[in-house]
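A quick write-up on the structure given underneath.
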Amino acid sequence: MRNNPFSSPSWVGAYLIFGCLGLLFFSEPLLKQRPRQFEVVSSGSSLQTSIPVNKALLELKSNKAFSLEELLAKTQRPNGKLLVNFWATWCEPCIEEVPTLATLAGQLQNQSDPSLPTLVTISVDEKAEAVRKFEKTLSRPLPFLVLHDPDGSFSRQLGVTKFPETFLIDSKGKILQKWIGPQDWLSLEVLQTLKKSCT
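Residue numbers for the sequence shown follow the numbering used here, beginning at 82 and rising by one.
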């Protein structure tokens with residue numbers, strides 16, 4: 082049986098190493114910013130319980146429309162979880178968390194553990210070109226899919242009011258966990274919460 086990389090002490094050192102390397106992928110202005118910790122909201126009566134996974138959104142790199150349901154099918158992971166991050170280039174707190182979010186995305190892609198999620202982000206920028214211009218300021222392309230919700234209708238449907246907001250969902254769109262505000266996605270606290278929510 083394959084061990085969950087989050088369950089062994091060895092993952093701590095590995096994430097610190099990969100975190101330092103991942104941060105070097107980005108421009109100096111981003112490196113000077115430190116994500117502020119905001120609240121973590123567990124799924125429950127006060128939280129919308131599901132995300133409509135059948136709504137199609139434009140994927141900016143391929144210019145093709147995908148639904149979250151289709152993206153879940155592409156993960157080839159039996160549990161089919163997604164980590165869905167809502168953000169915008171005009172949102173300073175969103176930009177603050179990009180370095181650690183990008184590093185986490187790369188690590189999730191390299192893990193074969195079926196309990197781990199795949200990261201996808203949804204930009205609410207009015208124009209897709211804003212995201213493309215932002216990516217050009219980085220020394221490496223963003224290592225995650227960016228879907229586009231230009232009128233913000235999808236985020237409003239979910240009650241997203243404080244960007245960034247991040248949802249962990251299962252294959253049916255059920256919300257397992259919600260993070261409000263920018264996170265340090267390589268911190269022990271966040272990784273332990275993610276691990277607990279995925280098991």
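Positions of the beta carbon are idealized from the N, C-alpha and C atoms, including for glycine.
Query	Result
Is DSSP giving A137 helix, strand or coil here?	strand
Measuring alpha carbon to alpha carbon, tell me which residue in W260, F244, W168 is nearest I62.	Residue 62 lies beyond the stretch modelled for the chain, which goes from 82 to 280, so this question has no answer here.
Provide the residue span of the alpha helix (DSSP H) that contains A154, from first to last.	149–155
State the Cα-Cα distance for the pair Q118 and S236, rounded to the nearest angstrom.	Unreliable placement is indicated for Q118, whose pLDDT of 40 sits below 50; no coordinate value is reported for it.
Relative to the C-alpha of Q258, which candidate in L152, V165, P133 has its C-alpha closest?	V165
Consult DSSP for K217 and reduce its assignment to one of helix, strand or coil.	helix
Among the residues of its own chain, which have a CB less than 8 Å from the CB of T170, if the five just before and after it don't count?	I176, S204, D206, A211, V212, K214, F215
Just to confirm the assignment: which complete alpha helix (DSSP H) runs, minimum length 4, are found wholly within the segment 165–236?	173–177, 179–190, 209–217
Only counting the same chain, and skipping five residues up and downstream in sequence, which positions put a Cβ closer than 8 Å to that of H229?	L138, L139, E140, L141, I203, S204, D206, A209, V212
So for Q258, helix, strand or coil by DSSP?	strand
How would you write the range of the alpha helix (DSSP H) that T274 sits in, first residue to last?	269–279
Provide the residue span of the beta strand (DSSP E) that contains T247, from first to last.	246–250
Buried or exposed: T218, going by 16 or more other Cβ atoms within 10 Å of its Cβ?	exposed
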